[in-house]
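**Student:** Quick note, the sequences are listed as chains A and B, same order. Residue 199, in this note's numbering, is where the first sequence stops; the numbers in between run on with no holes. Residue 763, in this note's numbering, is where the second sequence stops; the numbers in between run on with no holes. C-beta atoms are modelled at their ideal positions from N, C-alpha and C, and glycine is treated no differently.
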Amino acid sequence: MTIDASQALSGQDITFESQTIDVTADLRPRWMVCAVVLILAICGRGRRASRQKVHALVWSLLSERTRRNFTALLDGSAAPDSLSVRFDPTVNRALDLSIGLSLVRKHEGDRVELTDSGGALAASLRESGILAAETLYLEAIRQRVSEADIGNVLYWREID
Amino acid sequence: MEGNRLTVTLRVLQIHATTDRGNFGRRLDFRPGLNVLRAENSAGKSTCLNAIAFALGLEGAFSPRHESPLPRAVTEVLEHDGKEIPIRESHVTLELTNARGKTITVRRFVTSPSVARSLIRVWDGSYLTGGPEVKGPRDYFVRMEGAATREAGFHTFLASFFDWELPKVVKFDGDEVPLYMEYLWPFFFVEQKKGWSEIVGHVPTYLGVKEGFLRAFEFLLSLDTNRILVERQRLEIEARAIIDEWGRQRSALLTIARTHNGMLKGVPAQLGANTDPQALDSAILLVPEGTQWRDMTDLVEGLRAQVLALREVAVPTSGDDSVRLNTELESARGELAAYEIAQREIQDKLGAEQEQTRALEERLRSLREDLQRHKDLERLQRLGSPEAHSLDTSRCPVCHQTLPETLIPVTTLEEAPTIMTVSENTQFLEAQVKSFAGFQASSGRLTQAYALKLEALSRKATEARLRIRIIKETLTTPSAQPSAAEIRRRVLLEEQIGAFVRAKEAFGHALTVLQATVNRWQDHLRRAAEMPRSHLSDGDEQKLNELQQVMVEEFREYGVGSVPSDAISLSHTSYRPEYETFALTVELSASDTARLIWAYLLGILEVGLRNDTNHLGLLLLDEPRQHHAAIEGYTAFLRRAAANAAHGAQVIVATSEDEVKMREVLRGIPHTWHSFGGRAMAPIP
């Protein structure tokens, strides 16, 4: 059966409605700010870290697979070329937002530091078990992610 | 209604202490009806009442501690003539008579160098008053595990002395125990310090009985409700047992099916409220034949027909058979080829489906993780902490422009798509998880079906290869020999039929067992439907209405207070008094609370005596005129308490009121008066 489109549509108004779209939690500012705050609180040295360390750790905690693989990499049980740690512009935005909200402040060079209110937020999150899986992961790797360790992971090609 | 036949009467209380300066103590001889004990507040009148609880091993009703509820004057050191005298040994003795007229004497040691405090010594007969035929003593233990269950436990003994068949109740840890007497004692005894602030507020919850107060009340007034509860619990246990058995029997059926690569159809996975007696009528066993599923019964019939046909024909020799054999060889080869093609096809499908399942699992994992993160965000929103409040990312903290709910840069805000709120997104994800979990489940089922088919085909292919080999062998043997292929074919057919017949038998048998279970289930459903809706029977409602009437009547009799008496009712769920359906303790003044306690407990006693119940007809009150309730009300209460003597009640009131005033209050009221000036622990010869 054929339909004459012009006939079918004539005399009728066509309306468009915008649909709300879903967005994954890790793209939501509040979630990412919490993740950043937890990274600095748990894995920071004296609550400080370089921007690249924050990027690397954010990338690694996003899925169960990346957490597992990154841990293997830190253990030395995975080859350094098995993973491709990515830098994520959204992390920069989240860092900027955290600084604006006085949860984080800039430190010498490209480093960032957790403020007191940032520390209070981290404590509050850990106590109420929000972002529990991510927290557990960060606590498990905290001894193995010094700035030097992160450097090795990211720049292994340049090490002879 | 014949009325209560379980009343108990206390006869004698004796407190005795041995010291280097002689014996000290107190003896009180009680009578049925109202007894009033008058003494100064610090002289030890409470000690006398508490000693009664102690002698019966019931001090655990008020405190979990194992210290004695008796003061230093009985346990360690007493005062006399201004001097402190250490106590070498002390004990409490109580004589009491039950409804059948049997008297016992119980003695418990407070301080003793040789006897434990957990021991209670019992004589049959009146050991103190020196009655005839005193037998014993026998020793029992109390306030230790087993006191209410073991034969040597004192509360086991006391329960049978009271003619109490204590109901089995459930504890929070799941154990079943007889209702501990400590839960019943607060209905018979109100102590001075803590007993008057709430209406039977002191329930010994530390003993761990679920809803102990309710069970105690129900037992005391012999409500049917406990029976209904127990029946309900039994039905629940029965239901679980039947469902478990169903599960086991169905598994057995599945095993039979599997041995023939078959599928079970028409047997419900679970028993439910809608399972009808015909639930199994369409149960069949399906076996694969090529790419089809066929009812095993039909298959057997077909095979049988083949065997019958073959039996008509003699086994041909290999020479005679060679033409047929060659044809058969061709067709067997063709069949094998077909099986192999089918196998490859299904193998591909299986592989694809497994791949699909893996992809779905991955997707589900990622969806679930995102869902958890969104839920975390929801919890973050609900967190009350100031840190969480400072996490407002909807506006730029510097220029206060609106910020989008995504970290991905958007060119202008007009172009930005509308992003779901956290709770919208959570709902969306939950729906996604549900859909994908559904896909995963059906993908799993499909994978299983393919695997089964593959197994069947593989067996058929092996069979065909074997047949080909035998036919080839037969074709090369001397032509006068009987065709081995043909013999084999016949034998195999018979074996196959045999296997199917056995399976069919096992299936039939299992179905019979299952049918029996379905019938049991039907019976269970019927009985469950017959259970009364509410937990109270008609008789129970009647008793509760009677109690409400009596209680309100008494409350009014005892004076006007801060609430109108007709606004007070008795809750049929909590069994406590309510004020316009709210729990009362907040509304009432202290003196009103006291009056309501008199009305409630005496009301329970009266209803308990008028009906066939388990009430002992006993009530012990330490200082009931708390907070100076009006004297007229108090008088009315005492008069009513005394009046219950006609039904076998015994009410013991301890008071420190002025003696002259008390004598006046009690004028015209039949009672037994006890009093002592000075201390309870006085020298005795």
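(1) Please name the residue in B:THR153, B:GLU573, B:LEU88, B:GLU157 whose C-alpha comes closest to that of ALA760 (chain B).
(2) Would you verify that the beta carbon of ILE60 (chain A) is, or is not, closer than 8 Å to some beta carbon of chain B?
(3) Can you tell me the Cβ-Cβ gap for PRO164 (chain B) and THR125 (chain B), rounded? I've got them flagged as a contact below 8 Å.
(4) What residue range is occupied by the uninterrupted beta strand (DSSP E) comprising MET341 (chain B)?
(5) Using DSSP with H/G/I as helix, E/B as strand and the rest coil, what is THR129 (chain A)?
(6) What residue from B:HIS233, B:VAL731, B:LEU524, B:THR480 has the CA that sits closest to LEU428 (chain B)'s CA?
(7) Would you mind working out which of B:SER734, B:HIS752, B:VAL738, B:ALA720 sits nearest GLY746 (chain B), comparing C-alpha positions?
(8) Rounding to the nearest angstrom, what Cα-Cα distance links ALA161 (chain A) and ARG69 (chain A) in this structure?
(9) Judging by CA-CA distance, which residue of B:ARG757, B:GLU684, B:SER667, B:ARG688 is the nearest neighbour of SER275 (chain B)?
(10) So does GLN450 (chain B) have its beta carbon nearer than 7 Å to some heavy atom of the ligand HEM?
(11) Should SER501 (chain B) be flagged as near chain A, meaning a C-beta pair shorter than 8 Å?
(12) Would you say the stretch 334-346 of chain B touches the stretch 302-310 of chain B, given that touching needs at least three Cβ pairs under 8 Å?
(13) If you draw a straight line from the alpha carbon of GLN574 (chain B) to that of ILE549 (chain B), how long is it in whole angstroms?
(14) Taking ARG598 (chain B) as the reference, give the member of B:PHE633, B:PRO482, B:GLY340, B:GLU323 with the closest Cα.
(15) Check whether the stretch 443-462 of chain B touches the stretch 58-75 of chain A, counting contact only when three or more Cβ pairs, one atom from each stretch, lie closer than 8 Å.
(16) Taking the straight line between their C-alpha atoms, what separation do you get for ALA437 (chain B) and ARG104 (chain A)?
(17) Could you name the residues that DSSP lists as bridge partners for ASP202 (chain B)?
(18) Determine, using beta carbons only, whether ALA361 (chain B) and LEU442 (chain B) come nearer to each other than 8 Å.
(19) Report the residue ranges of all alpha helix (DSSP H) runs contained in full by the stretch 593-635 of chain B; include only those spanning at least 4 residues, in chain order.
(20) What does DSSP give as the partner residues of PRO164 (chain B) in its beta bridges?
(21) Taking Cβ-Cβ distances shorter than 8 Å, what residues in chain A pair up with THR227 (chain B)?
(22) When the cut-off is 8 Å and only beta carbons count, does ASP155 (chain A) lie next to chain B?
(23) If you follow the beta strand (DSSP E) that SER647 (chain B) is in, where does it begin and where does it stop?
(24) Out of B:ILE93, B:GLU533, B:GLY203, point me to the one whose CA is closest to ALA151 (chain B)'s CA.
(25) Tell me which residue opens and which closes the alpha helix (DSSP H) that LYS512 (chain B) is part of.
(26) Cβ of THR183 (chain B) within 8 Å of Cβ of GLU173 (chain B)?
(27) Between the stretch 77-108 of chain A and chain B, which residues of the former have CB atoms less than 8 Å from a CB of the latter, in chain order?
(28) What is the residue span of the alpha helix (DSSP H) that TYR712 (chain B) lies within?
(29) Assign HIS478 (chain B) to one of two classes, buried (16 or more other C-beta atoms within 10 Å of its C-beta) or exposed (fewer than that).
(30) Quick check for students: name the residue ranges of the beta strand (DSSP E) that lie wholly in the stretch 325-394 of chain B, counting only runs of 3 or more.
(31) Given that ARG125 (chain A) touches chain B, what residues does it touch there, using C-beta distances under 7 Å?
(32) In this structure, how does DSSP classify ILE169 (chain A) when only helix, strand and coil are distinguished?
(33) Quick one: what's got a C-beta closer than 8 Å to GLU439 (chain B)'s C-beta in the same chain, skipping five residues either side?
(34) Compare the C-beta of LEU458 (chain B) with all C-beta atoms of chain A and state if any pair is closer than 8 Å.
(35) Report yes or no: do three or more beta-carbon pairs, one from the stretch 181-191 of chain A and one from the stretch 666-681 of chain B, lie closer than 8 Å?
(36) With 16 other CB atoms within 10 Å as the buried threshold, where does MET79 (chain B) fall?
**Tutor:** Inspection of the coordinates gives the following:
(1) Of the candidates B:THR153, B:GLU573, B:LEU88, B:GLU157, the one whose C-alpha sits nearest the C-alpha of ALA760 (chain B) is B:GLU157.
(2) With 8 Å as the cut-off, ILE60 (chain A) counts as an interface residue toward chain B.
(3) Not quite, the Cβ-Cβ distance comes to about 18 Å (not below 8 Å), so this is no contact.
(4) Counted as a single uninterrupted DSSP element, the beta strand (DSSP E) harbouring MET341 (chain B) occupies residues 341-343.
(5) Helix.
(6) It is B:LEU524.
(7) Selected option, being the one with the closest Cα: B:ALA720.
(8) About 13 Å.
(9) For the residues B:ARG757, B:GLU684, B:SER667, B:ARG688, the minimum Cα distance to SER275 (chain B) belongs to B:SER667.
(10) The model on display carries no ligand, and the ligand HEM is accordingly not part of it.
(11) Not one chain A Cβ lies under 8 Å of SER501 (chain B).
(12) The stretch 334-346 of chain B, when compared against the stretch 302-310 of chain B, does not touch it at the 8 Å Cβ threshold.
(13) Approximately 19 Å between the Cα atoms of the pair.
(14) Nearest Cα to ARG598 (chain B) within the set B:PHE633, B:PRO482, B:GLY340, B:GLU323: B:GLU323.
(15) With the cut-off at 8 Å, the stretch 443-462 of chain B and the stretch 58-75 of chain A touch.
(16) The straight-line gap from Cα to Cα measures roughly 14 Å.
(17) DSSP lists B:ILE182, B:LYS213 as partners of ASP202 (chain B).
(18) No, they are not a contact pair.
(19) Runs found: 616-635.
(20) PRO164 (chain B) pairs with B:VAL155.
(21) Simply none; closest approach about 43 Å.
(22) Using a Cβ-Cβ cut-off of 8 Å, ASP155 (chain A) does not count as an interface residue toward chain B, since no Cβ of chain B sits closer than that to its own.
(23) Looking at the DSSP string, the run of the beta strand (DSSP E) that includes SER647 (chain B) is 646-648.
(24) When only C-alpha atoms are compared, the closest one is B:ILE93.
(25) Counted as a single uninterrupted DSSP element, the alpha helix (DSSP H) harbouring LYS512 (chain B) occupies residues 500-554.
(26) In this structure, THR183 (chain B) lies near GLU173 (chain B), with their beta-carbon atoms less than 8 Å apart.
(27) Within the stretch 77-108 of chain A, the qualifying residues are SER102, GLU103.
(28) Note, TYR712 (chain B): alpha helix (DSSP H), 709-721.
(29) Counting Cβ neighbours within 10 Å, HIS478 (chain B) comes out exposed, since fewer than 16 surround it.
(30) Listed in chain order, they are 341-343, 362-367, 370-373.
(31) Neighbours of ARG125 (chain A) across chain B, judged by C-beta separation under 7 Å, do not exist; the nearest C-beta is about 14 Å away.
(32) Three-state result, ILE169 (chain A): coil.
(33) The answer, listed in chain order, is GLN518.
(34) With a threshold of 8 Å between beta carbons, LEU458 (chain B) makes contact with chain A.
(35) Flag = no, the stretch 181-191 of chain A and the stretch 666-681 of chain B do not touch.
(36) Bear in mind that a pLDDT of 36 at MET79 (chain B), under 50, signals an unreliable position, so the number given afterwards is only what the model happens to contain. Its Cβ having fewer than 16 others within 10 Å, MET79 (chain B) is exposed.
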